[in-house]
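Student: Residue numbers (our numbering): 1 to 233.
For glycine and all other residues, C-beta sits at the position ideal for the given N, C-alpha and C.
Owing to the predicted nature of the structure, the values given are computational and were not obtained by experimental measurement.
Below is a structure I'd like to ask you about.
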Amino acid sequence: MPVAMRIAQVLFSQGFGTRRDCQGLVLRGDVAVAGQVLDDPDAEVDTEGLVFQVQGRAWPYHAKALVMLHKPAGYECSAKPRHHPSVLSLLPAPLRTRGLQPVGRLDEDTTGLLLFTDDGSLIHRLTSPKHHVPKVYEATAKHPLTAEQAAALLQGVVLEDDPRPAVALGAEIVAERHLRLTLAEGRYHQVKRMLAAVGNRCEALHRSQFGRLALPADLPVGSWVWVSQQDWP
Ligand code: URA
C-alpha cells in the first residue's frame, strides 16, 4: 500500500539527524529521489520501495531495519564497551541514530553473523529462550574432537554455576578440531563453557547461522548488508 511521507520526515525516520538537520539536507540540495534533487522538505514521496540518495549515497527506505554484520574479532557487543571498540562503530551513522541494537551478543573474540535491528519485538522474538531460535557455531577446538564429546554435548552438559544442563541441537565433527554446534539458547560464553565441560577447549569461535539466516560467503569481515523483509526470521 503506498504511504506518502514528506521527504524531510523520511530522512528523520531513517536516522539522518534532528528534524532541523534533515530539513537542512533537503534545502542544501543534498537529497535526490530517482535521480532528481528534491529541494522542498515538504515534498511528498511514496515510501513503498523508495530508494533515496543523500549526498550521492543510495539508501533504501525501511520502516523497521534489520541488518547483518560479519563481526570481526576485537569488537564488543556493548554500546558502552570497556576494552575494545563497539560493534556499533561498524555501522553507518544513520543506522546508529535510528537506534539499531545488536540481537543478542557475541564475545569480543567471536567472529561471524551478528544481526542488528530497531524492531524491539523482533529482538524479543529472536533472543527469548522461549522461541528456541537455532544458532550455528563453528568452533575450533584445542584438542582433537571425539565422538564421545559430541555425544555428551547432544545429551546435555552441566556448566559451572548453572544446574540446568545445556543441550546442543547438533554437534557435528567437521574436521579433527572443527566442531559445528547448533544451540537454541544463548547463555553467557555458552559454546566455550560447553566445550570445556566435555574436557576440550574452544580456541576460536565463529557464528555461521542465526535461524534461517546464513552468513553470506562473500560478505567481507567488518561489512554489513540489509536483510530484506521477505528473509526476516
Ligand atoms: N558462545 C560463546 O561462548 N561465545 C559466543 O560469542 C557465542 C556463543
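To the nearest angstrom, report how far apart W224 and P85 are at their CA atoms.
Tutor: W224 and P85: Cα-Cα distance of roughly 16 Å.
Student: Could you pull the DSSP bridge partners for Y61 from this structure?
Tutor: Looking at the DSSP assignment, Y61 forms no beta bridge with any residue, so it has no partner.
Student: For H189, is the beta carbon positioned less than 8 Å from some heavy atom of the ligand URA?
Tutor: Answer for H189: yes, Cβ within range of the ligand URA.
Student: Determine contact between the segment 21-41 and the segment 187-201, defined as no fewer than three beta-carbon pairs at a distance below 8 Å.
Tutor: Output reads no: the segment 187-201 does not touch the segment 21-41.
Student: Pull up the distance between the alpha-carbon of E160 and that of F16, whole angstroms please.
Tutor: C-alpha separation (whole angstroms): 46 Å.
Student: Taking just the CA atoms, how far does H132 sit from E203?
Tutor: For E203 and H132, the distance between alpha carbons rounds to 26 Å.
Student: Compute the minimum distance between the beta carbon of L205 and the heavy atoms of the ligand URA, and state whether it is under 8 Å.
Tutor: L205 Cβ: within cutoff of the ligand URA.
Student: What residue does the beta strand (DSSP E) around E138 start on, and which one ends it?
Tutor: K135 to A141 is the span of the beta strand (DSSP E), which, as asked, contains E138.
Student: For R82 and P2, what's the separation of their Cα atoms in angstroms?
Tutor: Cα to Cα, R82 sits roughly 45 Å from P2.
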